[in-house]
Each structure stands twice: as structure tokens, then as C-alpha cells.
Amino acid sequence: MWAIKELTIIINKMRDNSFETRLLHTPYEKPDAYNALAMPVYHSVACEFDTAEAMEEAFCGRTADHCYSRITNPTVQYYENRVRAVTGAYGVTALNSGMSAISNALLTVAYAGANIVTSPHLFGNTYSFLKNTLGALGVEARFCDLTNPEEVRSQIDEHSCAIFLEMITNPQMEVADLKLLSAIGQAYGVPLIADTTVVPFSVFHAKDFGVDIEIISSTKYISGGATSLGGLIIDYGTFDWSGAKVLKMWRGPAGNEAFSTRMRREIHRNIGAYMTPQAAYMQTLGLETLQLRFMRQAATCLDLARRLQETEGIVSVNYTGLEGNPFYALSITQFGEYPGAMLTFDLASREACFAFLNRLRLIRRATNLFDNKSLIIHPASTIYGSFPETVRRSMHVKQETIRLSVGLESMDDLLDDIKQALGPVL
Ligand SMILES: *Cc1c(COP(=O)(O)O)cnc(C)c1O
Numbered sequence: 035m036w037a038i039k040e041l042t043i044i045i046n047k048m049r050d051n052s053f054e055t056r057l058l059h060t061p062y063e064k065p066d067a068y069n070a071l072a073m074p075v076y077h078s079v080a081c082e083f084d085t086a087e088a089m090e091e092a093f094c095g096r097t098a099d100h101c102y103s104r105i106t107n108p109t110v111q112y113y114e115n116r117v118r119a120v121t122g123a124y125g126v127t128a129l130n131s132g133m134s135a136i137s138n139a140l141l142t143v144a145y146a147g148a149n150i151v152t153s154p155h156l157f158g159n160t161y162s163f164l165k166n167t168l169g170a171l172g173v174e175a176r177f178c179d180l181t182n183p184e185e186v187r188s189q190i191d192e193h194s195c196a197i198f199l200e201m202i203t204n205p206q207m208e209v210a211d212l213k214l215l216s217a218i219g220q221a222y223g224v225p226l227i228a229d230t231t232v233v234p235f236s237v238f239h240a241k242d243f244g245v246d247i248e249i250i251s252s253t254k255y256i257s258g259g260a261t262s263l264g265g266l267i268i269d270y271g272t273f274d275w276s277g278a279k280v281l282k283m284w285r286g287p288a289g290n291e292a293f294s295t296r297m298r299r300e301i302h303r304n305i306g307a308y309m310t311p312q313a314a315y316m317q318t319l320g321l322e323t324l325q326l327r328f329m330r331q332a333a334t335c336l337d338l339a340r341r342l343q344e345t346e347g348i349v350s351v352n353y354t355g356l357e358g359n360p361f362y363a364l365s366i367t368q369f370g371e372y373p374g375a376m377l378t379f380d381l382a383s384r385e386a387c388f389a390f391l392n393r394l395r396l397i398r399r400a401t402n403l404f405d406n407k408s409l410i411i412h413p414a415s416t417i418y419g420s421f422p423e424t425v426r427r428s429m430h431v432k433q434e435t436i437r438l439s440v441g442l443e444s445m446d447d448l449l450d451d452i453k454q455a456l457g458p459v460l
């Protein structure tokens, strides 16, 4: 299991080391038979036991031995432990995509008759999961303006099981005040669950801003070069679940264990979306260079955002790290100078966007975020292409907007490509 006492002691001892050091030097739980420096990939569905008694102990959760790779696996657990070592979290679970992290987390707190207070500004599949998938199970998604505290308060009632949000919404680039939302949640006994994919934990410390459960699509920055899908659920152990309806029977002596206990013992096993050992291996490698890559990509992004503001043919640039941005002050407080490596910009029309995309030579037309390569997309016609026009409008996804995920190329090469693709006539 993930809550191993010995490892917790080692991880605690590493607390004084820097982020980069902790990332690289988190020990294995058991010594490797060959002293391998890279965690071996345990491509085995099951692990065997010496005795029936040992088997009973493990299956009943009294020992931490691995039984079956839908539940735990040594390679995946090592990846989870590295994330625990750098975030200081109480529990970390690696799933096979960002969407499975979101669905596992929300299914752990939701029940028929419950509601989730959220914004309509969400990743397309997350919106659909909340509205359609959970909606069909009798869980209501209450879409409101999370930048308006009064509206948030008015949506919360005794059946609210979570406030759920994306930290910087995409493509709207809206920033909610996390400490304020956390305080509102605390006052009503509702946890704050945040999808923090756009700014990695190397620079954004979710716990400091009152996030109780952090969710990350590790497909993005962490995988490093878009090698694999993955998702993380990070439980900071900060929320007292004593009052949470469906978590009562999972309560431990401290009141803060219930979420991770139910999620690991019930939801995660029943859904069966655990990360594969191969993906965990690649994402562990990705973690080692996370901070390096992020700082380079985000610095290029800020530089590019400033330059694009002065570029003819571009109507407006949206990046919360720009001084003139309406969320600038909040963005600096929460994320520092570099709020991610994604920006959007508007051109004159949908036609202008399509013509621009078709003329690009270097930047790739693709839907992922935070690949090493810069990627570009027209969200309205793709990610939100199957949404009815009225829904798309209510989500403020505009036909004039282009989203750019900035990679590791040089700023000058990216700017040159954008300028040549804008063409002389736009
Ligand atoms: C990509 C993304 C997801 C979904 O992640 P997958 O790994 O593709 O399932 C969820 N939220 C945000 C903010 C994302 O960018």
C-alpha cells in the first residue's frame, strides 16, 4: 500500500533537500536485487507469497506487499512515492489518464442527490463527465462563476460534496482565488478539489493555497515529451471528512484519511484504471527533468506573449503573466512569474485562424499540452467542436481564439513561424 511507515520516515528525512534533489533521490521501498539505478519495470500482473498466512495479511491490508497490478505495482508505486516526496502529500495515486484521475476522485466524494459546485470553464471531457456522466447518476453539476464569491456561496448547500475547478481555465485563462474558495469551502464543510495540470507542483504548491485534493493530467508536463498518458490524485490530508456523507464508514481516528482510504480500497479497485508500469517508468524519467523543462518553456511563453502583443495581425493575447491581464495580480500571488507554458491569442475571424494554422511550418497542429514541441489548436472547432453552439458560447470558447502550448524551441524560431503564418494580408 502507499502509506508505508518506513518510507514515510525516509521521505520526511528528505524534507530539507531541494525539490530537484528529492525528485532524483527518493529511495525504493526495498533494495533492488541488482542495485539498479533506474527503477525496474515490473511488468507482472501478480506477485506471489511464501505462505497462506502472508497472503491473508496482504489481502486484508495488514501488510504492504503487492498482490495484483490493478491495485498496486512496484514500479507505479515508486512513481507515486517520488510525487509524495516532492509534494509532501499524505497519499498519491497514479491513474492511467488525467480523466481517470478526475473520475476516480469525484466518484469517491459524490452520491445520488449530491452536487458539485464548479465553473462552466472546464476541459471538454471534464465538462461532459460532470454534466452527462455524473448527471445520469443523479449528481448535479452546479456551474457558476467561481471568481464571484457570493455566487459560489449561493450554490453551496448541505448536499455539496466538492468545489471543483481548473486553476487557470483553458482557453478562457480565468484564475480563481484559491484561498478564498478554500475558506468558503471550509466554512460549509466542502473540500476544494483542483485540477492543477497547467502549472506543475515544482512551482505551484497547492497545499499552501488550501487545495485539499490536487488532480493532475501527468500526460502533460510530467510525462516529458508526451511519451505516455497518466493522471495523479494527490491528497494533502488537510480535509476533515467526518461530515462527508459517503465517507463515514471509511473514517480513521484522525478524520483526514477517509478520502484516500475509500478511493484506494473501493473506487480505484472497482474502476480499474491504475497506471501501467511502462507509463510509470516513463513518467518517473519525465519527473527528473520537470523543473528544467518547465522553467525553459514558461520563460519562452512569457517572452513570446509579450512579443505577440506587438505583432500586427494579432487582435489580443491572453496569458495571465502579462502585466495588463485582468488576473495578473492573483496569478503572480498563486503561480509566481511564470503561470504555465500555454497562451491564447485572437485573430480577426475563424477563417483567419484556419488560414494561419494552415500556413505554419514549425509549430505542430495537435491537441496535447506541454509537449517538448510547440503545439497549436483552434479549440472552438476541435475540443469543443461537438458542443452545441449555445453551450460553447456559455463556456466562452470563441471562434477567433487560437491556443498555443509552448515547447522547448527557441523563442525566435517560434516568433518567426507565427509571423510568416500571419501573412501579409491578415
Ligand atoms: C489534458 C487535460 C485533462 C485530461 O487529461 P488526460 O490525461 O488527457 O486524460 C484534464 N484537465 C486538463 C486541464 C487537461 O489539460
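When we follow my numbering, the leftmost residue of the sequence shown carries the number 35, and every step to the right adds one.
Glycine included, C-beta positions come from ideal geometry on N, C-alpha and C.
Among Leu199, Tyr270 and Val173, which one has its Cα closest to the Cα of Ser153?
-> As a position in the sequence shown, residue 153 is number 119, starting the count at 1. Answer by Cα proximity: Leu199.
Thinking just about the alpha-carbon of each residue, which of Pro413, Arg299 and Gln325 is nearest to the one in Ala139?
-> Mapped onto the sequence shown, residue 139 falls at position 105. Closest option to Ala139, Cα to Cα, is Arg299.
Can you tell me which of the three DSSP states Ile190 falls into?
-> Translated into the one-based positions of the sequence shown, residue 190 becomes position 156. Three-state result, Ile190: coil.
Whole-Å CB distance - Leu129 paired with Ile150, under 8 Å assumed = Here residue 129 refers to the residue found at position 95 of the sequence shown. Here residue 150 refers to the residue found at position 116 of the sequence shown. With a Cβ gap of about 19 Å, Leu129 and Ile150 do not count as contacting.
Just tell me which of Glu114, Thr367, Leu57 and Gly374 has its CA closest to the CA of Pro213.
-> Position 179 of the sequence shown, counted from the first residue, corresponds to residue 213. It should be noted that the sequence gives Lys, not Pro, for residue 213. Here the closest residue by C-alpha is Thr367.
Whether Thr109 touches Ala314 by CB criterion (8 Å) | Residue 109 sits at position 75 when you count from the first residue of the sequence shown. Residue 314 sits at position 280 when you count from the first residue of the sequence shown. Yes, they are a contact pair.
Minimum length 4: unbroken alpha helix (DSSP H) runs contained in the segment 239 to 304 = 292 to 296
When you compare only the Cα positions, how much space is there between Ala221 and Cys94?
-> Residue numbering aside, residue 221 sits at position 187 when the sequence shown is read from its first letter. Residue numbering aside, residue 94 sits at position 60 when the sequence shown is read from its first letter. Rounded to whole angstroms, Ala221 to Cys94 spans 37 Å at the Cα level.
Using DSSP bridges, identify the partner residues of Ile411.
-> Along the sequence shown, one-based indexing puts residue 411 at 377. Answer by DSSP bridge pairing, in chain order: Arg437.
Anticipated Cβ contact below 8 Å, Ile410 with Ile397, distance rounded = Along the sequence shown, read from residue 1 onward, the residue named residue 410 stands at position 376. Along the sequence shown, read from residue 1 onward, the residue named residue 397 stands at position 363. Between Ile397 and Ile410 the Cβ distance is about 5 Å, and since that is below 8 Å, they are a contact.
Would you identify the three-state DSSP class for Ala228, choosing helix, strand or coil?
-> In the sequence shown, the residue the question calls residue 228 occupies position 194. Reduced to three states, the DSSP call for Ala228 is strand.
Looking only at DSSP bridge pairs, what is Glu200 linked to?
-> The residue given as residue 200 occupies position 166 in the sequence shown. In DSSP, Glu200 forms a bridge with Asp229.
Drop a sphere of 10 angstroms on the beta-carbon of Ser134, count the other beta-carbons inside from all chains shown, and report buried for 16 or more, exposed for fewer.
-> Taking the first residue of the sequence shown as 1, we reach residue 134 at position 100. Label assigned to Ser134: buried.
How many angstroms separate the CA atom of Lys241 from the CA atom of Gly271?
-> Looking up residue 241 in the sequence shown gives position 207. Looking up residue 271 in the sequence shown gives position 237. Cα-Cα distance, rounded: 9 Å.
If you draw a straight line from the C-alpha of Ser448 to the C-alpha of Ala333, how long is it?
-> Taking the sequence shown and counting its residues from 1, the one referred to as residue 448 is at position 414. Taking the sequence shown and counting its residues from 1, the one referred to as residue 333 is at position 299. According to the sequence displayed, residue 448 carries Leu and not Ser. Roughly 13 Å separates the two Cα atoms.
Please state whether DSSP places Val351 in a helix, a strand or coil.
-> Locating residue 351 in the sequence shown gives position 317, counting from the first residue. It is a strand residue.
Indicate the three-state DSSP secondary structure (helix, strand or coil) for Phe379 in the structure shown.
-> Along the sequence shown, one-based indexing puts residue 379 at 345. Looking at Phe379 - three-state DSSP - the assignment turns out to be strand.
CB-CB under 6 Å to Met35, same chain, minus the five flanking residues each way: which ones, in chain order?
-> Looking up residue 35 in the sequence shown gives position 1. Note that Met35 has pLDDT 37, beneath the 50 cutoff, so the model's placement of it is unreliable and the number below is only indicative. If we look at Met35 and ignore the five residues flanking it on each side, its Cβ neighbours are Ala98.
Does the count of Cβ pairs from the segment 352 to 361 and the segment 377 to 387 closer than 8 Å reach three?
-> yes
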